[in-house]
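For reference, the structure is listed below as structure tokens.
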Amino acid sequence: MAKDTNTSPGRISRLLDAVGRTMIVAGLLLLSFVAYQLWGTGIAENRAQDDMATQFVKPQPVQPQFGGLVGRISIPSIGVSKYVVAGVRLKDLERGPGLFPGSPLPGQKGNVAIAGHRTTFGAPFSRIDEIQDSDKIILESRDGTFTYRVNGEPKIVSATDVAVAKTTNPDVAIVTLVSCYPKWTSTKRIIVVATLDPAEAPLPPTPFAVNEAATQQPIAGWFHDPTAWPTVLFFGIALIVIRIVAGFMTRRGRRRIFVYPIAFGIFIPTLFLFFGGLARLLPANL
């Protein structure tokens, strides 16, 4: 009687081996992507911050442009010192904390509302929940250095509560920090409010890019950036091709000690670019 090769131990063993290898590779890729989100995104943010550090020593325009430099924020109690960009679009917040459109500039009357990430792109507001009553928030701009004192403990509000970014009392100079709550989600917002030190005279307001619609906080779900698909597909296919070519060369008798280092050197940058595109398809997370 002929042996059933479809259920032979050898075939089952090979199948289980393939499944096991696939799960290991998938797990490694998942861990790599998490590492990219936590630390890899910080590379782009660091470059942007270095660029703004150079700009900060030069004369600044009266009105910043979207994505341009606004000033610097320092929060000594949680070790924050970051340059602030104009705007809270996703691409703005990848460069650092962002000033909401419609907000006055640092030191001016009104609500200087600033948003920032907690887990990615340098995570400038990672420890925002640790800020306490009376802590200092220092804003620097072309007009000088301004010290604010925190009013009470951080508060939790709805993710759709855009009122926190608006000026309700035009005669008082305050700063409002906005980020996601809890970490890794964007279901709610955590805010910290501080008032300009009474010893410092507030300046007249010159709101940045007054646009009511633009004060909406950056909430975006899955696949919110369709322009990322070409990047994901191109570099995803490139990763597969690199793996196939490396395997083909080793089967052709090429020594692995030569093939794998070359393939690895090409694979890692390609994987980094693939993750960059993939991150743009995930829900926005402050």
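Residue numbering for the sequence shown follows the working numbering, beginning at 1086 and increasing consecutively. All C-beta atoms in this analysis are idealised placements derived from N, C-alpha and C, irrespective of residue type, glycine included. As the structure is a computational prediction, the values presented were derived from the model and not from experiment.
For Phe1141 and Leu1262, the gap between their C-alpha atoms comes out near 21 Å.
Closest in C-alpha terms to Asp1228, from the list Ser1271, Asp1246 and Leu1190, comes Leu1190. The C-alpha of Val1249 is placed about 45 Å away from the C-alpha of Met1108. According to the DSSP assignment, Lys1176 belongs to the alpha helix (DSSP H) that extends over Leu1175 to Leu1178. In the DSSP assignment, Ser1117 falls within the alpha helix (DSSP H) that extends over Pro1094 to Ala1120. DSSP places Val1242 in the strand class (E or B) of the three-state scheme. At a cut-off of 4 residues, the continuous stretches assigned as alpha helix (DSSP H) that sit fully inside the segment 1160-1222 are 1175-1178. Under the Cβ criterion (8 Å, minimum of three pairs), the segment 1212-1220 counts as touching the segment 1264-1283.
In this structure, the beta-carbon distance from Asp1218 to Val1242 does not fall below 8 Å. Proximity to Thr1204 across Gly1152, Gly1164 and Trp1124 peaks at Trp1124, based on C-alpha coordinates. Counting along the chain, the unbroken alpha helix (DSSP H) around Val1330 starts and ends at Trp1314 to Arg1336. One Cα belongs to Asp1102, the other to Ser1093, and the distance between them is close to 14 Å. Excluding sequence positions up to five before and after Thr1253, its CB lies within less than 8 Å of the CB of Asn1196, all in the same chain and listed in chain order. In the DSSP annotation of this structure, the continuous segment of the beta strand (DSSP E) that includes Thr1261 starts and ends at Ala1258 to Tyr1266.
CA-to-CA, the gap between Gly1332 and Gly1105 works out to about 18 Å. Val1169 is a Cβ neighbour of Gly1183, given a cutoff of 8 Å. Here Thr1230 has Ile1223 as same chain residues with Cβ atoms under 7 Å from its own Cβ, once five neighbours each way along the sequence are excluded. The three-state secondary structure of Phe1357, taken from DSSP, is helix. For Ala1279, the enclosing beta strand (DSSP E) stretches over residues Lys1273 to Leu1281. Short of 8 Å from the beta carbon of Glu1179, and not among the five residues preceding or following it, lie these beta carbons of its own chain, in chain order: Thr1126, Ala1129, Glu1130, Ala1133 and Phe1206. Take Thr1232, set aside five residues on each side of it, and the residues of its chain with a beta-carbon closer than 7 Å to its own are Lys1221, Ile1223, Asp1282 and Glu1285, in chain order. Beta-bridge partners assigned by DSSP to Glu1130: none are found. In its chain, beyond the 5 residues on either side, Phe1151, Gly1152, Val1170, Ala1171 and Gly1183 have a beta carbon closer than 8 Å to the beta carbon of Asp1177. Exposure of Val1119 is indicated by the presence of fewer than 16 other C-beta atoms within 10 angstroms of its C-beta.
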